[in-house]
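*Asks:* Here it is, the structure, as structure tokens.
Number of protein chains: 2
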Amino acid sequence: VVTLVNCFEVPAGRENDFLQAFHTVNAYMRAQPGYLGHRLHRAITDDPSFRFVNVVRWSSPADYYKAHDERFRALVSQPAWAAFRSTPALYEVVHEGVASGVPEDVWR
Amino acid sequence: VVTLVNCFEVPAGRENDFLQAFHTVNAYMRAQPGYLGHRLHRAITDDPSFRFVNVVRWSSPADYYKAHDERFRALVSQPAWAAFRSTPALYEVVHEGVASGVPEDVWR
């Protein structure tokens, strides 16, 4: 399992435009082999560097790269995406912890 | 529950220095009220913008801000941290999905 962390720069007031563009791409990626799950995070603080952060679990790097195919590139080449700079990278978890007394489903 | 996403810029070759500095601060934060759990991610791709990304669950924004006290500021004022730029922000989960047939513990 690998984790994609994708940080999005979205100007204030463009949140709904971003979400609309996101859902189109997300619907496609969720149907690809190796997609396990995603969580889209929205900043609750003012003027964040990254207004949205998407965290996605993939079965393997190979599945992740294979999903970024011609159809995917066509989707993110839509004009709607021009305003939203993204910074994606693949990660492995190298250290984790849970507070004592906290249910183990802290990540659910 | 809120989620801190903290993206760290760490020069190649400085990973161990970063991890040492991280563990000192992490040990302190884990003992604070409202800390629920964390996952430190390390990039598996070359030349990532953010070599490490820490994802932390806190009970509330108030707990998160309270934990960033004088002792915390003293820890991150250590010279070791000067080389590692961080971009932290608080987030809420606004959209999520799990692939069909995938065990629900995809986030564990």
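For the protein sequence lines, the chains are A and B, in the order given.
All residue numbers for the first sequence refer to this note's numbering, where the first residue is 1036 and numbers rise by one.
All residue numbers for the second sequence refer to this note's numbering, where the first residue is 1036 and numbers rise by one.
Glycine included, each C-beta is placed from N, C-alpha and C at the ideal position.
Because the structure is a prediction, the values reported are computed rather than measured.
Answer yes or no: do Tyr1126(A) and Ala1078(B) have a C-beta to C-beta separation smaller than 8 angstroms?
*Replies:* Against a cut-off of 8 angstroms, the Cβ pair of Ala1078(B) and Tyr1126(A) comes out as a contact.
*Asks:* For Val1060(B), go through chain A and note every residue whose CB falls closer than 7 angstroms to its CB, in chain order.
*Replies:* Those within 7 angstroms of Val1060(B) in chain A number zero; the least Cβ separation is about 12 angstroms.
*Asks:* Can you pull the chain B residues whose beta carbon is under 8 angstroms from the beta carbon of Trp1142(A), in chain order?
*Replies:* Per Cβ cutoff of 8 angstroms: Gly1072, Arg1074, Arg1092, Trp1142, Arg1143.
*Asks:* In this structure, what does DSSP give as the bridge partners for Phe1085(A)?
*Replies:* Partner(s): none; Phe1085(A) has no beta bridge.
*Asks:* Inspect the beta-carbon positions of His1130(B) and Leu1075(A) and report whether they are closer than 8 angstroms.
*Replies:* Yes, the Cβ-Cβ distance between His1130(B) and Leu1075(A) is below 8 angstroms.
*Asks:* Quick one: what does DSSP say Phe1119(A) is sitting in, helix, strand or coil?
*Replies:* In this structure, Phe1119(A) counts as coil in the three-state DSSP scheme.
*Asks:* Could you check what DSSP says for Val1129(B) in three-state terms: helix, strand or coil?
*Replies:* In the structure shown, Val1129(B) sits in a strand (DSSP, three-state: E or B).
*Asks:* Can you give the Cα-Cα distance for Ala1115(A) and Asn1061(A), rounded to whole angstroms?
*Replies:* Cα-Cα distance, rounded: 14 angstroms.
*Asks:* Could you pull out every residue in the same chain whose Cβ sits closer than 8 angstroms to the Cβ of Ala1102(A), ignoring the five residues on either side in sequence?
*Replies:* If we look at Ala1102(A) and ignore the five residues flanking it on each side, its Cβ neighbours are Met1064, Gln1067, Pro1068, Gly1069, Tyr1070, Trp1093.
*Asks:* Sort out for me which residues DSSP pairs Thr1080(B) with in a bridge.
*Replies:* Thr1080(B) is not bridged to any residue.
*Asks:* Are the C-beta of Pro1046(A) and some C-beta of chain B separated by less than 8 angstroms?
*Replies:* By this cut-off, Pro1046(A) is not an interface position.
*Asks:* I'd like to confirm the pairing. Which residues does DSSP put opposite Trp1093(B) in its beta bridges?
*Replies:* DSSP output for Trp1093(B) lists Val1037(B), Tyr1070(B) as bridge partner(s).
*Asks:* For the candidate residues Val1088(B), Ser1084(B), Val1037(B), Asp1098(B), whose alpha-carbon lies nearest to that of Phe1057(B)?
*Replies:* Among Val1088(B), Ser1084(B), Val1037(B), Asp1098(B), the Cα nearest to that of Phe1057(B) belongs to Val1088(B).
*Asks:* Taking Cβ-Cβ distances below 8 angstroms as the criterion, which residues of the region 1094 to 1105 of chain A are in contact with chain B?
*Replies:* Residues Pro1096.
*Asks:* Measuring straight from C-alpha to C-alpha, what distance separates Asn1051(B) and Tyr1100(B)?
*Replies:* Cα-Cα distance, rounded: 28 angstroms.
*Asks:* To the nearest angstrom, how far is the alpha carbon of Ala1047(A) from that of Asp1081(B)?
*Replies:* The alpha-carbon atoms of Ala1047(A) and Asp1081(B) are separated by roughly 31 angstroms.
*Asks:* Which residue marks the beginning of the alpha helix (DSSP H) containing Ala1109(A), and which one marks its end?
*Replies:* Where Ala1109(A) is concerned, the enclosing alpha helix (DSSP H) stretches over 1105 to 1111.
*Asks:* If you measure from the beta carbon of Val1137(B) to each beta carbon in chain A, is any gap under 8 angstroms?
*Replies:* Yes, Val1137(B) lies at the interface with chain A (some Cβ there is under 8 angstroms from its Cβ).
*Asks:* Please report the residue range of the alpha helix (DSSP H) in which Val1060(A) lies.
*Replies:* Looking at the DSSP string, the run of the alpha helix (DSSP H) that includes Val1060(A) is 1050 to 1065.
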